[in-house]
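When we follow the working numbering, the leftmost residue of the sequence shown carries the number 135, and every step to the right adds one.
Virtual Cβ for every residue (Gly too), placed ideally from N, Cα, C.
If you're wondering where the values come from, they're calculated on a predicted model, not measured in any experiment.
The structure appears below as structure tokens.
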Amino acid sequence: MNREAATTPIDRLPPSPHLLVTGGAGFIGSAFVREILARGDRTRITVLDKLTYAGNRGNLASVEAAPAQAARLRFVEGDIADASVVGPLVAEADAVVNWAAESHVDRSILDPEAFLRTGVIGVHVLLEACRVEAARAAAGERRGMDGAARPAPRFLQVSTDEVYGSVETVYSREGDALDPRSPYSAAKAAGELLARSYFVTFGLDVVITRGSNTYGPFQHPEKLIPLFISNAMDDQPLPLYGDGLQRRDWLYVTDHAGAVEHALHHGATGEVYNVPGEAELPNREVVAELLARLGKPWSLVRSVADRPGHDRRYAMDGSKLRALGWQNAVSFQQGIGETVDWFRANEGWWRAIRSGEWDAYYARQYSARLAGGVAAGSPGGSPRGAETVAAAAQAHEPAPELG
Ligand code: NAD
Ligand code: TDX
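Laid out in structure tokens, this is it:
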């Protein structure tokens, strides 16, 4: 990760750090691991991952196939909410980077409980283990292999722009009030508030990042961009929620991973850093871009019943992280091109995921919606109102084809 400005501030981690990376077999966590280990410095990584439906050890295959990288990686299958697994791993680590979470808003609407178990209890277990290590460090009992005293581990909690809730016009800043509106974002807000409380109350070395909508290779096909690419490749309908004019700020996966690593090394204790993508677009425009690159027609797009509580817009101000010396390297045009190319070249990866449990999830999430779906108008306009779509779905009758 090489986008650091000349004014890079001091490094808060020891040289050759040992990182405990939770959720390192998921989409962004695995990119974080691949990027660091491919760089060939002396960082060592232990990945702790429960391998839920979203975790995929194959996401680390490039590391495990390269002996010099594999030698610096240890993979542990386990739950961040399991104190007996977490304690010994945190004892060995110089820093904990917590990517582990249930990450899909729609699943949090169907089944919220796992979001709370990992996002609140799991974070609490990690923080408690850090607290034990901070006490050992204070007592001079935390020592490295060479016997030298080691400081308490740094704890980086990966959070999200969704904790700010929907913002109509402004760019959220780190000090703004939190207003999470889905079980997913409420769990993420709870997790980061807990982390902050351990900084204030126990003096733990905590840093929080809030990343925006991330996209790129290895993203689970439940999310908008990979779902629409894979459906379009199979000429299946693309279920666009409501009027499709919701706005998201798109962040390429290596920029998100790099920004988190930058904050891990250079962020000030107790601080929060926004990580915007600087590519704010309405969903319709994103979908039109994907279809153009895939050579598929807009007629695949269906306006379907909206997500309950759907946030209209996320957008963040990134000046605090920029002042710390970070800037993104990948434009939306470059990133979306690389993403489409990757999904085209790696059909085996996503087809394996879109099997088994996938069919039941897809039916639960989309069957009724698609049955009540209507043509989506033109890419830029004539959107169908969410009410029309919802009414058609409720009446169980084909909605009129306008478009
Ligand atoms: P993902 O769903 O692809 O991966 C999550 C990983 O965490 C999986 O490997 C899963 O097996 C693991 N995991 C889940 N519960 C666990 C538990 N209890 N113990 C151990 N491992 C567990 O998610 P992602 O999109 O890569 O997101 C990673 C993190 O970044 C999450 O914390 C998410 O909230 C945050 N984030 C994501 C985005 C985005 O757009 N994807 C944006 C901002 C922040
Ligand atoms: O089928 C769909 N149709 C649709 O119109 C899906 C899956 C999504 N959408 C819309 C909803 C959103 O407006 O597309 C937009 C993006 O949706 P998701 O990919 O589900 O992402 P979002 O809900 O914005 O949340 C993402 O960004 C913030 C990640 O999933 C979170 O983990 C992250 O914190």
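- In the same chain as leucine 261, and ignoring 5 residues on each side of it, the C-beta atoms closer than 6 Å to its own belong to Tyr332, in chain order.
- The closest CA to that of glycine 392, considering only Ala248, Gln461 and Val254, is found on Gln461.
- At a threshold of 6 Å, glutamate 491 does not count as near the ligand TDX, since its beta carbon sits no closer than that to any of the ligand's heavy atoms.
- Listed in chain order, the beta strand (DSSP E) elements of length 3 or more contained wholly in the region 344 to 383 are 372 to 375 and 381 to 383.
- In this structure, DSSP gives aspartate 310 a state outside helix and strand, which the three-state scheme calls coil.
- Distances taken from the Cβ of arginine 344 to the heavy atoms of the ligand TDX include none shorter than 6 Å.
- Scanning its chain for C-beta atoms nearer than 7 Å, with the 5 sequence neighbours on each side dropped, one finds around isoleucine 487 the residues His354 and Pro355, in chain order.
- Annotated three-state conformation of valine 340 is strand, per DSSP.
- In this structure proline 149 is exposed. Its beta-carbon is surrounded by fewer than 16 other beta-carbon atoms within 10 angstroms.
- Rounded to whole angstroms, the separation of the alpha carbons of valine 341 and glutamate 405 is 5 Å.
- Cα atoms of arginine 276 and arginine 270: separation of roughly 5 Å, rounded to the nearest angstrom.
- Rounded to whole angstroms, the separation of the alpha carbons of threonine 348 and serine 319 is 15 Å.
- When DSSP states are grouped into helix, strand and coil, valine 304 belongs to the coil group.
- Scanning Gly401, Arg241 and Pro371 for the CA closest to the CA of proline 442 turns up Arg241.
- Distance between histidine 390 and serine 433, taken at the CA atoms: about 33 Å.
- The alpha helix (DSSP H) runs of length 4 or more contained entirely in the region 430 to 460 are, from start to end of the chain, 453 to 457.
- Between leucine 250 and proline 513, the alpha-carbon positions lie close to 37 Å from each other.
- In this structure, the C-beta of alanine 273 stays at least 6 Å away from each heavy atom of the ligand NAD.
- Boundaries of the beta strand (DSSP E) around arginine 178: 178 to 183.
- For asparagine 417, the enclosing alpha helix (DSSP H) stretches over residues 417 to 428.
- Counting the other CB atoms within 10 Å of its CB gives aspartate 216 a total below 16, which places it among the exposed residues.
- Taking non-hydrogen atoms of the ligand TDX into account, the C-beta of glutamine 380 is found less than 6 Å away from one of them.
- If you look at tyrosine 407, you'll find it in the beta strand (DSSP E) that goes 406 to 409.
- For glutamate 262, the enclosing alpha helix (DSSP H) stretches over residues 257 to 272.
- In the same chain as lysine 454, and ignoring 5 residues on each side of it, the C-beta atoms closer than 7 Å to its own belong to Glu308, Tyr407 and Asn408, in chain order.
- Taking 7 Å as the cut-off, the Cβ atoms of asparagine 365 and valine 292 do not count as close.
- In terms of Cβ geometry, leucine 328 and histidine 258 form a close pair [threshold 7 Å].
- For serine 501, the enclosing alpha helix (DSSP H) begins and ends at 491 to 505.
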